[in-house]
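Respectively, the protein sequence lines represent chains A and B. Residue numbers 1 to 114, in the working numbering, belong to the letters of the first sequence in order. Residue numbers 115 to 229, in the working numbering, belong to the letters of the second sequence in order. Ideal Cβ positions, reconstructed from N, Cα and C, are used throughout, including at glycine. Beneath this line is the structure, given in structure tokens, with notes to follow.
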Amino acid sequence: GPKVLQIPSHQIIDMGQMVTLNCDPVSNHLYFYWYKQILGQQMEFLVNFYNGKVMEKSKLFKDQFSVERPDGSYFTLKIQPTALEDSAVYFCASSPGLGGNTLYFGAGTRLSVL
Amino acid sequence: GDSVTQKQGQVTLSEDDFLFINCTYSTTTYPTLFWYVQYPGQGPQLLLKVTTANNKGISRGFEATYDKGTTSFHLQKASVQESDSAVYFCALVHIASSSFSKLVFGQGTSLSVVP
């Protein structure tokens with residue numbers, strides 16, 4: 001089936017540094033998402049993105065977070081500066097359309113903030 | 115706001131046992147309902163979805179019925195196998211005509227099937 005690729009699979013970083021998580025979504029999809037999952041728990045919505053804009057973000061999407069997809073390249077999540085509580089697995093997802101369309105998830109990037 | 119509740123955090127069964135995972139939802143409109151399955155080290159992947167109330171979704175021996183009356187979408191399987199061991203997430207999408215929708219997940223139920 002459709003594949004979403006996330007790079008890297010694991011990132012270790014010191015608190016206060018910047019980190020960029022990369023996502024290569026399914027090629028013809030238009031809608032992109034980031035989710036956060038702590039220790040195999042609930043998947044928590046962070047943000048969704050369409051046509052170069054953030055459409056909706058949750059309370060978890062702090063001011064230190066930003067997303068972009070310059071010129072159809074990777075869809076990125078940047079955290080600057082990082083905090084200890086940012087340690088989690090971050091999942092990227094994409095979908096072809098709105099509403100009941102299926103989201104396709106990547107395998108996740110495990111972020112460890114020391 | 116929209117929410118999904120899975121009361122069972124962990125379920126342990128033997129092979130060929132019957133599986134039942136509870137899911138209830140709360141929303142102001144008529145959502146599309148999903149079950150996603152997450153295997154270790156992977157992202158969630160779609161197991162089944164149902165867009166219309168009172169319909170049933172079936173996939174790989176799993177089934178779930180969209181019950182608007184009880185606002186439930188329980189997952190069942192007649193006979194589980196060891197390979198079904200994974201975390202199962204119930205989820206909904208709130209279909210809004212003008213706004214951008216997102217997938218809302220339940221807490222997840224970890225299924226362990228022992229030989």
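query	result
Cβ of Asn28 of chain A within 8 angstroms of any chain B Cβ	no
Where Lys216 of chain B falls, given that 16 or more other Cβ within 10 Å makes a residue buried	buried
C-beta neighbour in chain D for Phe75 of chain A, strict 8 angstroms	Among the protein chains of the structure shown, namely A and B, there is no chain D.
Interface residues of chain B facing Thr102 of chain A [CB-CB closer than 7 angstroms]	Leu160, Lys163
C-beta contact flag for Phe148 of chain B and Leu160 of chain B at 8 angstroms	yes
Rounded separation between Asp198 of chain B and Ser224 of chain B - CA only	10 angstroms
Test: Gly222 of chain B CB closer than 8 angstroms to a CB of chain A	yes
Chain-ordered chain B contacts of Ala107 of chain A [CB-CB under 9 angstroms]	Gly155, Gln156, Gly157
Minimum Cβ-Cβ distance from Tyr33 of chain A to chain B less than 8 angstroms	yes
Element boundaries [beta strand (DSSP E), containing Glu68 of chain A]	65–68
Assumed close pair Phe65 of chain A, Phe49 of chain A - CB separation to whole angstroms, cut-off 8 angstroms	That belief does not hold up - the Cβ atoms of Phe65 of chain A and Phe49 of chain A are roughly 12 angstroms apart, past 8 angstroms.
Backbone secondary structure at Leu103 of chain A - three-state DSSP	coil
Residue-level contact to chain A via CB, Phe187 of chain B, 8 angstroms cutoff	no
Partners in chain A for Phe203 of chain B, counting only beta-carbon separations shorter than 9 angstroms	Gln42, Met43
Reduced DSSP category for Ile12 of chain A - H, G, I as helix; E, B as strand; rest coil	strand
Through-space distance from Gln6 of chain A to Ser211 of chain B, alpha-carbon basis	Only weak support exists for where Ser211 of chain B lies, its pLDDT of 47 falling under 50; the value from the coordinates is given anyway. Roughly 31 angstroms between the two C-alpha positions.
Paired residues, beta bridge with Phe134 of chain A - DSSP	In this structure chain A extends from 1 to 114, so residue 134 of chain A is not present and cannot be described.
CA-to-CA distance, Ala83 of chain A to Asp14 of chain A, given in whole angstroms	9 angstroms
Contact the segment 67–82 of chain A vs the segment 188–198 of chain B: 3+ CB pairs below 8 angstroms	no
Buried or exposed by the 16-neighbour rule on C-beta atoms within 10 Å, applied to Val228 of chain B	exposed
Collapsed DSSP secondary structure at Glu129 of chain B in the structure displayed	coil
The beta strand (DSSP E) enclosing Tyr150 of chain B, as first and last residue numbers	146–152
Local Cβ density within 10 Å of Val124 of chain B, reported as buried at 16 or more and exposed below that	Note on identity: in this sequence residue 124 of chain B is Gln, with Val being the wrong assignment. Exposed: under 16 other Cβ atoms inside 10 Å.
Closest residue to Pro145 of chain B among A:Val4, A:Asn101, A:Leu111, A:Thr109 (Cα-Cα distance)	A:Asn101
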